[in-house]
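The block underneath contains the structure these notes are about, expressed in structure tokens.
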Amino acid sequence: MTNRRKGHGLDPEAPLANAETYRIKLTRLRLEPDIWCRQQFHKRRAKQLRDAAKAGINLGDLVVAEVEGAVTLIDGYHRVEALREAGIREARVQHLGELTHKEARWVACKLHWHAPMPLTAAERREAFKKYVSASQNR
């Protein structure tokens, strides 16, 4: 039997288990490129999401956390851009609570591990570095 602390492994649902859900104005979100686990922004993906949002399709909850005193986006960069372009000013979020900067970087990668748009090999390598940096390997 292994002794694993909560949050270990690659289960993308684990960080969301105790998240608080509410609506927030997009202007209140801090977007920090260092936390984002993608190496590039995919304009085509954002355009697809924008068109879906304009058609009234729910894009799903954004994931945020309190990082260094600010509500910081953890997952949903393409969706935020799509919502803004569609003229939508508020979104539903799942708030994970307070995270350190290193924890936030790892959780962002963890949530993307099984995302519809897979991480590239380079992004997976970077995710592993963030995993170790956040002391998830201990």
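Here my numbering runs 16 ahead of the position in the sequence shown, where the first position is 1. C-beta atoms are modelled at their ideal positions from N, C-alpha and C, and glycine is treated no differently.
DSSP places His111 in no alpha helix (DSSP H) but in the uninterrupted beta strand (DSSP E) bounded by Glu106 to Glu114.
Each of His111, Glu84 and Glu119 was checked against the Cα of Asp77, and the nearest Cα belongs to His111. Arg121 sits away from Val87, with the two beta carbons spaced by 8 Å or more.
Shown here for Ile104: same chain residues with a beta carbon closer than 7 Å to its own, the five before and five after excluded, namely Ala69 in chain order. Distance from Ala131 to Ile40 at the Cβ level is roughly 22 Å; contact not present, criterion being Cβ atoms closer than 8 Å. In the structure shown, Glu97 falls within a helical segment according to DSSP collapsed to helix, strand and coil.
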